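Heads up: the sequence shown begins at 66 in our numbering, then just goes up one per residue.
C-beta: ideal position from N, C-alpha, C; glycine also.
Bear in mind that the values here come from a model prediction, so they are computed numbers and not experimental data.
Data first, discussion second: the structure below is written as structure tokens.
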Amino acid sequence: IIGTGCAGLTAGIYTARANLNPLILTGTMPGGLLTTTSIVENFPGFPEGVDGYELMTKLQKQAERFGARVKFATVEAVDMSKRPFVLTVDGERVETKTLIISTGAGHRHLGLESEHLLDKKGVTYCATCDGALPMFRNQPLVVVGGGDSACEEANYLTRFSSTVYLVHRRDSLRASKIMADRTLANPKIKPIWDSVVTEVQDVASGKLTSVKLKHLKTQNESVLPCAGLFVAIGHVPNTQLFQGQLELDSAGYVVLTKGAATAVPGVFVAGDCADSVYRQAVTAAGMGCAAAIEAERYLAALGG
């Protein structure tokens with residue numbers, strides 16, 4: 066099982082309980098993106114919500130309780146052309162009869178050169194990871210995006226910042242109503258509509274001092290002083306490793322044939338790397354369950 070988000074760990078629980086001796090490989094981000102979420106309010110069973118890191122820790126312990134092996138390692142290459150499948154894991158060869166891919170998705174970037182040059186110098190993609198840093202405290206901060214993630218980041222950052230500017234390319238938020246209402250009611254959050262960030266300044270000084278904005282309707286440009294830029298504009302599926310071996314759609318998501326199966330027999334996929342529609346923790350967990358059951362049936366048909 067490649068990946069330890071909700072999909073991978075749920076697959077680990079089910080395959081371990083089925084005595085399939087699963088090996089779960091964490092990749093570079095153990096627990097997945099949910100570990101960076103301060104509070105998860107919509108996962109069943111937690112009426113008061115649950116910290117994302119706490120939830121993923123519990124899922125891992127549950128998988129390990131049934132015998133799943135969790136290895137903190139990165140998959141560098143996969144060969145699906147023959148059986149058993151061959152993985153290169155931190156330089157070592159690993160063979161497997163079945164493969165469950167749950168590599169999730171990574172943060173989408175703005176695509177600006179100045180953004181790249183000032184990464185970790187004021188530009189970040191995780192408010193819960195970096196928002197409390199001294200460099201951001203009592204300072205004006207900018208969040209880019211208009212979905213649930215952007216709204217959550219903006220609300221979280223109001224604990225530390227003087228003001229949070231929420232820059233969105235449309236004239237209304239696309240977040241869920243409860244999240245949008247909460248965000249717009251927060252007096253420390255100032256929305257900037259119909260606008261995009263076109264440049265991150267100041268590269269010459271080596272730290273973020275401001276962002277250049279462009280209003281999409283008037284084409285007017287302005288400079289907004291800030292100490293931090295938090296980019297929350299969606300995600301990109303982590304599927305580069307499987308290009309040329311699995312069918313991917315135009316956005317890079319794995320194409321499933323039926324259920325969790327792919328066109329390669331014995332390879333199953335679960336979670337955000339195959340889900341461009343729902344992208345929720347609970348749907349990822351459900352997909353992980355489905356992938357595990359299908360893997361178990363596949364192995365049974367092979368004779369173990």
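As assigned by DSSP and simplified to three states, the class of residue i
i: Arg82; result: helix
i: His181; result: helix
i: Phe137; result: coil
i: Ala316; result: coil
i: Gln127; result: helix
i: Glu157; result: strand
i: Phe307; result: helix
i: Leu88; result: strand
i: Leu98; result: helix
i: Leu152; result: strand
Residue i: first and last residue of the uninterrupted beta strand (DSSP E) it sits in
i: Tyr230; result: Thr228 to Val232
i: Ser287; result: Glu286 to Pro290
i: Lys242; result: That residue, Lys242, is in no beta strand (DSSP E); its alpha helix (DSSP H) goes Lys242 to Leu249.
i: Gln266; result: Ser260 to Gln266
i: Lys279; result: Ser275 to His280
i: Val296; result: Gly293 to Val296
i: Thr301; result: The question names Thr, yet the displayed sequence has Val at residue 301. From DSSP, the beta strand (DSSP E) with Val301 extends over His300 to Pro302.
i: Lys255; result: Ile254 to Ile257
Beta-carbon proximity check, residue i vs residue j, cutoff 8 Å
i: Ala81; j: Phe131; result: yes
i: Gly212; j: Ala128; result: no
i: Leu124; j: Thr91; result: no
i: Ile66; j: Val332; result: no
i: Leu183; j: Val265; result: yes
i: Leu281; j: Asp259; result: yes
i: Gly117; j: Leu99; result: yes
i: Gly210; j: His233; result: yes
i: Val301; j: Gly171; result: yes
i: Leu273; j: Gly187; result: yes
i: Thr336; j: Gly169; result: The sequence given here places Gly at residue 336; Thr does not occur at that position. Cβ distance < 8 Å, so Gly336 and Gly169 count as in contact.
i: Val262; j: His174; result: no
i: Ala356; j: Ala316; result: no
i: Phe108; j: Ala339; result: no
i: Thr248; j: Asn220; result: yes
i: Val105; j: Leu120; result: yes
i: Ala250; j: Cys216; result: no
Cβ-Cβ separation, residue j to residue i (assumed contact under 8 Å), whole Å
i: Val140; j: Gln310; result: In fact, because the Cβ distance is near 13 Å, the residues do not count as touching under 8 Å.
i: Val268; j: Leu294; result: Wrong, their Cβ atoms sit about 13 Å apart, outside the cutoff.
i: Leu278; j: Ser270; result: The Cβ separation is near 19 Å, so there is no contact.
i: Ser237; j: Asn203; result: Contact flag wrong, Cβ pair sits at about 30 Å.
i: Phe307; j: Val319; result: 7 Å
i: Lys162; j: Leu364; result: 6 Å
i: Ile254; j: Val229; result: 5 Å
Contact test: residue i Cβ vs the ligand PLP heavy atom, cutoff 7 Å
i: Tyr363; result: The model on display carries no ligand, and the ligand PLP is accordingly not part of it.
Within the segment 161 to 222, ranges of the alpha helix (DSSP H) (whole runs, at least 4 residues) = DSSP runs (the alpha helix (DSSP H)) wholly in the segment 161 to 222: 178 to 182, 192 to 195 and 213 to 222.
Beta strand (DSSP E) segments (min. 3 residues) lying fully within the segment 309 to 363 | Uninterrupted beta strand (DSSP E) stretches at least 3 residues long and entirely within the segment 309 to 363 occur at 332 to 334, given in chain order.
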